[in-house]
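Take the sequence shown: its position 452, counted from the start at 1, is 452 in the numbering used here, and no numbers get skipped. What follows is a set of notes on a single structure, which appears directly below.
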Amino acid sequence: MEKRSTGSIDVKLFYIYANSIVDYKELDLKKCDSCFCTNLSIDNNNEPWIFVDIDGEGTLEIDNEKYAIYGSKEITDGKWIKATKSGLIRLCPSYVGLLGENKISINKIYLIYFEPSTFRFLIKAKLVNDASKVLPSISDELLRILNDSLDEITIDSIKGDKIETALKTQLIKAPWYLNNLENYISINDIDGKEIDFSKLKKSAERAESILEKGMERLRNKFGPIGNLDLIAHAHIDFTWLWDTNVTKQKVYRNLSNVISLIKNNNFLKYGISNIVYLKWIKEEYPELYKEIKNFAMENKLIPLGGMWVESDTNLPGGESLVRQFLYGQRFLLKEFNKISTIGWLPDSFGFSAQLPQIMKKSGIIGFYTHKLYWNSINKFPYSVFLWKGIDGSEMPSINYPTYGSDLSPSQLVNAWNDHKIKDLPAFLVFGHGDGGGGPTWLMLERFLTYKDFPGLPKLTVKLPQEHISEIKEHMESLPIWYGELYLETHRGVYTNGVKLKRLIRETEMKLIQIETWSSLLNKNINMEKYWIKLLEFEFHDAISATTTYQVYENIINELDSIINQLNQVLLSMLKDLIINDNNYITFFNYLPWKREELIELENPLKGKVCQKFGEKYLTEIDLPPTGFISYEVGPCISQFNTEISNDKYIENDYFILNKEGENIKVYDKENKRYSINDIYLLLCEDMPEKFDGWDIDESYKRVCKKISLNFIGSEKGPLMSCLNFVNDINNSEIKTKICLRRNVIEVNHEVDWHENLKLLKTVIEANIMGQYNHAEIPYGVIERPTLPSNSWDRAKYEVPMWKWTDVYDPDYGISIINFGRQGYSVSSNVLSLSLLRSPLFPNPKLDRGRQDIKYWIYPHKNTWRESLTPKLAMELNNQVIYIKGKSDKRSFLEIDPSLMMFGSLKMMEDSDNLILRIWETYGKSVCIDLKFENYIIEGETNLIETEKNELNKVCLKPYEIKTLILKKVKS
1 MEKRSTGSID VKLFYIYANS IVDYKELDLK KCDSCFCTNL SIDNNNEPWI FVDIDGEGTL
61 EIDNEKYAIY GSKEITDGKW IKATKSGLIR LCPSYVGLLG ENKISINKIY LIYFEPSTFR
121 FLIKAKLVND ASKVLPSISD ELLRILNDSL DEITIDSIKG DKIETALKTQ LIKAPWYLNN
181 LENYISINDI DGKEIDFSKL KKSAERAESI LEKGMERLRN KFGPIGNLDL IAHAHIDFTW
241 LWDTNVTKQK VYRNLSNVIS LIKNNNFLKY GISNIVYLKW IKEEYPELYK EIKNFAMENK
301 LIPLGGMWVE SDTNLPGGES LVRQFLYGQR FLLKEFNKIS TIGWLPDSFG FSAQLPQIMK
361 KSGIIGFYTH KLYWNSINKF PYSVFLWKGI DGSEMPSINY PTYGSDLSPS QLVNAWNDHK
421 IKDLPAFLVF GHGDGGGGPT WLMLERFLTY KDFPGLPKLT VKLPQEHISE IKEHMESLPI
481 WYGELYLETH RGVYTNGVKL KRLIRETEMK LIQIETWSSL LNKNINMEKY WIKLLEFEFH
541 DAISATTTYQ VYENIINELD SIINQLNQVL LSMLKDLIIN DNNYITFFNY LPWKREELIE
601 LENPLKGKVC QKFGEKYLTE IDLPPTGFIS YEVGPCISQF NTEISNDKYI ENDYFILNKE
661 GENIKVYDKE NKRYSINDIY LLLCEDMPEK FDGWDIDESY KRVCKKISLN FIGSEKGPLM
721 SCLNFVNDIN NSEIKTKICL RRNVIEVNHE VDWHENLKLL KTVIEANIMG QYNHAEIPYG
781 VIERPTLPSN SWDRAKYEVP MWKWTDVYDP DYGISIINFG RQGYSVSSNV LSLSLLRSPL
841 FPNPKLDRGR QDIKYWIYPH KNTWRESLTP KLAMELNNQV IYIKGKSDKR SFLEIDPSLM
901 MFGSLKMMED SDNLILRIWE TYGKSVCIDL KFENYIIEGE TNLIETEKNE LNKVCLKPYE
961 IKTLILKKVK S
C-alpha cells in the first residue's frame, strides 16, 4: 500500500489540528495601566491554551506566573502559552520590537480548547514527521509508523470556523492552498457536521499507542548516534538597536518566563550571562531575584561568563578585560557564594590571543562561543579544541553552531555533523534570544520527544561546567589552536566611532591614573562605579559603534560627563601635593619610568629652551618615574618663534621630512637612510554585502582613489616643525598637519566628513621589505603576516590593534601609535591605518561632521622591542598633567619599560594592601627588582583577587600578566 509522504502527513495533521479545536473565543482585553487585562476562567475538561496574535514581544501574566510572548510570521511557538489556572491575565506589550523597531502589533488574544488526547498525539506526530525529513536512513520506517498511526484517525468532515481558527494560529502549518483560499471565498462558508470528540479521542489514543509502540521498536533497533549536551539560554544584547531601558524589560521578561518554565519542567536548566543583568534584577525586582537565587542554588539557573558584560576583546584595554572579570566574578561570589567557571562570549567580534590567560587567571576553566561560525572565507575547523594563548595558557574551548536552537531535528543533525570528535559530547544552546524569552513550551516538547530518538544524538540538559569537565578529561585528543581567534567578518568595527573610541581610551587611562595616585597617596578613592560604566560601554556592540544614533549619542554624552568628573577628582587629589605659587608649575607623571616630554604651555619655563607656537610655548622637560617635579615660570634661556614658510621640508635632530613632487618622504638622519617613501590618503568604496555598519568587504580595494596631500605651508622651529596640507574630497575637507616631534612624526587630521559608503585610510609606504608585523593587543602582542600565504592569512586584510602596530625588518621598522584608530592593514612594506567609515545602518549619522584624529609614526632602528615602541605608546595615551604651584621632586615607583609594562596600581578589594599589575611585553622571560617606596611584595594573587601565593622573586614568562600584592611598611 502506498505510504503518505511527509508533506501529505503534514496536511492530514493540519486537518486533525483543526478538528481537535473543541472551542475558542476571543478574550476581551481592557486597558490597565500600561498593559491589557482580563479575567480568565478555564474548563479543565479540555486542553486550554492562550494564543496571542502578536508581531513583536511582550509579557503575559496569568495569576502571577509570567511568560514571554514573542512572535513574527516566521516564529509562532512563542505566541502560545498553556493556561494552567484561572485568574487575572495581564498582557504587557513591549513597544520596541525584536530589532528595536517602533512598529509592533498585538492583534487579538484567544482562549482555545483542544481535545487533550488528540492534541497530545498531534504534537508527537508532528515532531516525528519533522525528524523523518532529515533522517534519510530511517525515514521509511518513521513514515510507516506515522502512516499506521494516522490511519486510525478518520476526518469525516470539517467546518469552516475550525479551519479559520487553525489558519489564524497555525500551530501546525497549513497547506499553501488553504492560506490562499480566503482570497476567493469566505472560509466560514465551508459547511460541515459537528465533531464527535469522544470518537476523536478514542481514535487519537489508538493512534498514539501505535506511534509509541512503533517508536519503541525503532529505538531498540537503532538507538542514538552520539551525545549532545544542551543548555537553555537567551543571548540578550546589553545595548544595540535599543537602549538599556529596553534591555532591562527584555531581561525581566526573559527571566520571568524561564522561572515559570522551570517550575513546571524539572529537567530545565538555564544559563544567564552578562552579570550586570543580575544586578538590575536585584535592584528593581527583588522578589524575582529571590527566586533566581533559589534556583541558582539548585543549579537550575546558572550564571555564565563571569564578565560584567559580554565585552569586545580586541578594542578595550587589557585592564578593562581584567575588570570585566574582577567585578563580574566578585558580584557572583558575594551574591551566590561562587564564581562562574565558564567563559561565555557567543557574539563578540573576535577573540584576543591573550584572552586564555585572562580567563584562566579569573577562575575560568572552559570557553564557549558561537561567533566563529560567521567566518566569511574559512570555515572554522573545530567544534571543540584547545585554545593556546600567546603565553602558553591553555583553555578548552567550544564553538557551538547557533545563538539559540529551537531543537528542531535539522539543527540537532547539523550540530552533530559539525562536531568532529565523535567520542566526546557535542554542545548546543537552545532558546530565542533578545526579546524572545529563551526556551518555549515547544522546545521542551521537542527535547522530551527527541532525547532518545533513533538516528539523532542522545540529548542531555547539562551544566556547561559538567560538559567542559568531561572535555578536560580528554585534553590530549583535542586539536590545538594557537593565538587569536580572528573573526572573518565585522572588520569595520575597529574603525567606527572616532569620538567614542577616543573617549573610551581616555576614560580607561584616566581611571588607572587616579587609582595609582590614590593608592600612593593613601586617599583610597573607590573608582568602581566609573569602571562599571566604562565596562558597560565596552559591550561588543557599544564599543563597536554598531548602535542606533540615539544610543551612540547617549554613550558619548555619558563618557564626556564621566571624564569631566574624573578630571575633577584627579586635580583635586593632586592639588593636595602642592602649595600655591604662581611662579611654579608642577608636572605629574604616573607612569613608572622617566619621561622626556615636549610640553605645550601658556607660560615659558625659566632656563629652558622654548619655541613660541601660536599663543603657547613648547618646552622640553624631564619627569621622574611615578612622581612629580616643579619648574619655575620665567624667561626661556633661548626663545624661538615659529617660522611660517612655503618650504616643503622640515627637519630636526632625527629626521628630514619633505614633499618631493607628489610624495612625502622621510629621511632618518641618525641611521642615514630613507625610512618612508610616501604618506598619502586613500578613499575607497565601502559597500558591504551583508552588514553595513559592521563590515569591510575585501572587494573595497577594487575602487580606491589615491589622494596625495596638497601642501599649503610649513611651520618651523627647533622643538617642533610641521607641514600643513588641505584636501577637498567629494563633500568633505581634510586638513592635515604632519609634525616632527622629537623622535616621532605626529600626524593630525582635522576632518569635516560628509561622505556615505566610503572608507578613508592613511597609507605609509615604508622603505623596508616589511618582513614582520606585530601589534599590541590587550595586555599582549601578536604577530601577523605581512603577505598572505594561505586563505587564513588572506582573511586578515583588516585587523585590530590596541595602541600600536609595527612593520619591520631585523634592522629597521615603522610603528604607528594610535589614540583610538585601531583598524589597520599591512601588505609587505605598506602599512595603512583606517581613519573613517561612513555606513548607513544602523546609524547614518555616524562620524559625520567635524572629527579630530591624531596618531604618531615612529621610524626606528632595529625592531620595536629594542626601540621601545610600547613605552612610547603608553606616553602618547597618557599626556602629562600639570598644575600651577610648587612641590618638592618626588618619585614612588620605578619599572624598567625595556623589560615589562605597567598595568595598574590599586587598592586590593578585601584588604589595605595594594595590587600592582605588570605584564611582560616583549616575549621574553625576565626577572626584575622593583623600586617601590615604603612597600614590599607580600605575594601574588589572581586577577579577581581570590588567591594568595608566596613569591620569592618577581619573574615573568613571555607575555605573562602578574598581579602582585604590596604591603605597606613603616617609612
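Ideal Cβ placement from N, Cα and C applies to all residues, glycine included.
Just to confirm, is the Cβ distance from isoleucine 928 to leucine 964 under 8 angstroms? no
Buried or exposed for aspartate 653, please, with buried defined as at least 16 other CB atoms from any protein chain shown within 10 angstroms of its CB. exposed
Could you please give me the residues that DSSP links to cysteine 955 through a beta bridge? Cys927
Run through DSSP, which three-state label would serine 867 get? coil
Sort out for me which residues DSSP pairs glutamate 643 with in a bridge. Lys716
For asparagine 129, would you say it is in contact with chain B, using Cβ-to-Cβ distances shorter than 8 angstroms as the test? Included in the structure is just one protein chain, with no chain B present.
Cα-Cα, which of Leu831, Met801, Pro356 is closest to asparagine 392? Residue 392 is actually glycine in this sequence, not asparagine. For glycine 392, the nearest C-alpha among the options comes from Pro356.
Anyone know if the C-beta pair for isoleucine 1053 and isoleucine 621 falls short of 8 angstroms? Past the boundaries of the shown model lies residue 1053; the chain is included only from 1 to 971, so the question cannot be answered.
Any idea what DSSP makes of methionine 395, helix, strand or coil? strand
Under 8 angstroms by Cβ, that's how I've got lysine 533 and aspartate 229 pegged, so tell me the actual separation to the nearest angstrom. Not quite, the Cβ-Cβ distance comes to about 36 angstroms (not below 8 angstroms), so this is no contact.
Does tryptophan 974 pass the burial test, meaning 16 or more other C-beta atoms within 10 Å, or should it be called exposed? Here the chain has residues from 1 to 971 only, and residue 974 is not among them.
Tyrosine 772 lies in the beta strand (DSSP E); which residues open and close that run? 772-777
Leaving aside the five residues before and after leucine 760 along the sequence, list all residues of the same chain whose C-beta is less than 6 angstroms from its C-beta, in chain order. Leu683, Leu835, Leu836
CA nearest to the CA of isoleucine 465, picked from Asp647, Val830, Phe841, Phe427: Looking at the sequence itself, residue 465 is glutamine, so the reference to isoleucine does not match. If we check each option's Cα against that of glutamine 465, Phe427 comes out closest.
Separation of threonine 619 from glutamine 611, as counted between CA atoms: 7 angstroms
What residue from Ser630, Ser925, Gly497 has the CA that sits closest to lysine 845's CA? Gly497
If distances are taken between C-alpha atoms only, which option among Asn949, Ile915, Glu960, Lys970 comes closest to glutamine 354? Glu960
Arginine 505: which of Val493, Asn877, Pro93 sits nearest, CA to CA? Asn877
Strictly by DSSP, which residues pair up with tyrosine 674? Tyr667
Neighbourhood of valine 830 by C-beta, 8 angstroms cutoff - its chain only, sequence neighbours within 5 removed: Val763, Ile764, Glu765, Ala766, Gly770
How is the beta strand (DSSP E) around lysine 168 delimited, first residue to last? Taken as a continuous stretch (DSSP letters only), lysine 168 belongs to no beta strand (DSSP E), being part of the alpha helix (DSSP H) at 160-169.
Please list the segments of the alpha helix (DSSP H) lying wholly inside the region 579-613, counting only runs of 4 or more residues, in order along the chain. none
When you measure from the CB of isoleucine 421 to every non-hydrogen atom of the ligand COA, does any distance come out below 7 angstroms? The model on display carries no ligand, and the ligand COA is accordingly not part of it.
Assess contact between the region 882-896 and the region 582-596, defined as three or more Cβ pairs (one per stretch) separated by less than 8 angstroms. Is contact present? yes
Strictly by DSSP, which residues pair up with serine 832? Val763, Ser825
Collapsed DSSP secondary structure at histidine 432 in the structure displayed: strand
Cβ-based burial, proline 842 [other Cβ within 10 Å; buried from 16]: buried
Nearest candidate by alpha-carbon position, reference lysine 984, set Glu662, Pro316, Ser925, Ser911: No answer is possible for residue 984: it lies beyond the span of the chain, which begins at 1 and ends at 971.
Would you call the CB atoms of glutamate 685 and valine 703 closer than 8 angstroms? yes
Residue range of the beta strand (DSSP E) that arginine 742 falls in? Unbroken run through arginine 742: none, as it is neither H nor E.
Return the residue from the list Met359, Lys162, Gln249 that minimises the CA-CA distance to phenylalanine 325. Met359
If we call anything under 8 angstroms between Cβ atoms a contact, is isoleucine 109 one with aspartate 53? yes
Can you tell me which of Leu456, Leu787, Glu746, Lys854 puts its alpha carbon nearest to the alpha carbon of leucine 142? Leu456
DSSP three-state assignment for tyrosine 403, whether helix, strand or coil: coil
Applying the 10 Å Cβ sphere with the 16-neighbour rule, what's the burial state of aspartate 196? exposed
Identify the continuous alpha helix (DSSP H) that holds histidine 467 and give its terminal residues. 464-472
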